[in-house]
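K.L.:
The structure's right below; bear with me while I get my questions together.
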Amino acid sequence: MDTFNDMQLVKRRLFAMRNGIIADVLRRGGSPFRIIFGVNLPQLAEIADGFGYNADLAERLWQNCTTRESMLIAPMLYPRDEFTVELARRWVSEVPSAEVADVLCHRLLRHRPFAWELASELLGEESDMARYTGLRLMFNMLYQRPAETLEKAEKELARDCSLTSPVAAIMVAECRELL
């Protein structure tokens, strides 16, 4: 009888749920990953729920940076209370796409007590992807700090960056509605 480690079990589940149509659309859309199974986010969440929180598995999946689904499921598996600001900075520096940034922010970073400070820090970075991640993280806290968020989003909007401007514009509009 074959026995598999957790990493192999995750990969087997991804393979079983693969969707060639979604994978092809992502490839044509310029996804930076070499391996794309085409598994959607609800399916990834279902897989993650089956494994529970596991820092070691999450880290190994995150390091498997050639596979889209590995990087998307890793934030779903990392125990929130164990995710430090130092680890958050490292993961943010390794984010290869907006999709990964979105999942990282929504599933993990926004739940950490350092989320606002990290988002503010990221908005000061030169990297477009780091600033995008900072905006997406800040978006999760927009209703708690609309005035501060408005100021930071307007500053980012003025940079006229093709990656961050759409998110910054939505944030500016939302903040103005609240104020």
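In my numbering, the protein residues as written are 1279 to 1457. Beta carbons are placed, not taken as given, at the ideal position from N, Cα and C, and that holds for glycine. In this text the structure is predicted, and so the values were computed from the model without any measurement.
Does Thr1345 come out as helix, strand or coil in the three-state DSSP assignment?
P.N.:
Three-state DSSP puts Thr1345 in a strand.
K.L.:
Taking DSSP as the reference, what is the three-state secondary structure of Ile1300?
P.N.:
Correct three-state label for Ile1300: helix.
K.L.:
Does the count of Cβ pairs from the segment 1391-1398 and the segment 1342-1359 closer than 8 Å reach three?
P.N.:
Cβ pair count under 8 Å is below three, so no.
K.L.:
Could you say if the segment 1317-1331 and the segment 1346-1354 meet the contact criterion of at least three C-beta pairs nearer than 8 Å?
P.N.:
Touching, yes, given that three or more Cβ pairs across the two stretches are closer than 8 Å.
K.L.:
May I have the straight-line CA-CA distance separating Leu1413 from Ser1405, to the nearest angstrom?
P.N.:
Approximately 12 Å between the Cα atoms of the pair.
K.L.:
Could you tell me if Tyr1421 is buried or exposed, where buried requires 16 or more neighbouring beta carbons within 10 angstroms of its beta carbon?
P.N.:
Result: exposed.
K.L.:
For Met1416, which residues of its own chain have a beta-carbon under 6 Å away from its beta-carbon, when the five flanking residues on both sides are left out?
P.N.:
Only Ala1397 and Thr1427 meet the Cβ criterion.
K.L.:
Can you tell me whether Ile1314 is helix, strand or coil according to DSSP?
P.N.:
Coil, per DSSP.
K.L.:
Quick one, are the C-beta atoms of Val1317 and Arg1296 less than 8 Å apart?
P.N.:
Yes. Within cutoff.
K.L.:
According to DSSP, is Ala1294 part of a helix, a strand, or is it coil?
P.N.:
Helix.
K.L.:
Return the chain-ordered list of same chain residues with a C-beta closer than 6 Å to the C-beta of Ala1431, the five sequence neighbours on each side being excluded.
P.N.:
Only Ala1446, Met1449 and Val1450 meet the Cβ criterion.
K.L.:
If the criterion is Cβ atoms closer than 8 Å, does the pair Ala1366 and Tyr1410 meet it?
P.N.:
In this structure, Tyr1410 does not lie closer than 8 Å to Ala1366 by Cβ.
K.L.:
By the 10 Å Cβ neighbour count, where 16 or more other Cβ atoms means buried, how is Met1279 classified, buried or exposed?
P.N.:
No answer about Met1279 holds up, because its pLDDT of 43 lies below 50 and its placement is not dependable.
K.L.:
Helix or strand or just coil, what does DSSP make of Gly1308?
P.N.:
Reduced to three states, the DSSP call for Gly1308 is coil.
K.L.:
Can you tell me the Cα-Cα spacing of Asn1342 and Leu1457, whole angstroms?
P.N.:
Going from the Cα of Asn1342 to the Cα of Leu1457 covers about 43 Å.
K.L.:
Leaving aside the five residues before and after Glu1347 along the sequence, list all residues of the same chain whose C-beta is less than 7 Å from its C-beta, in chain order.
P.N.:
Answer for Glu1347: Leu1292, Phe1315, Val1317 and Leu1322, listed in chain order.
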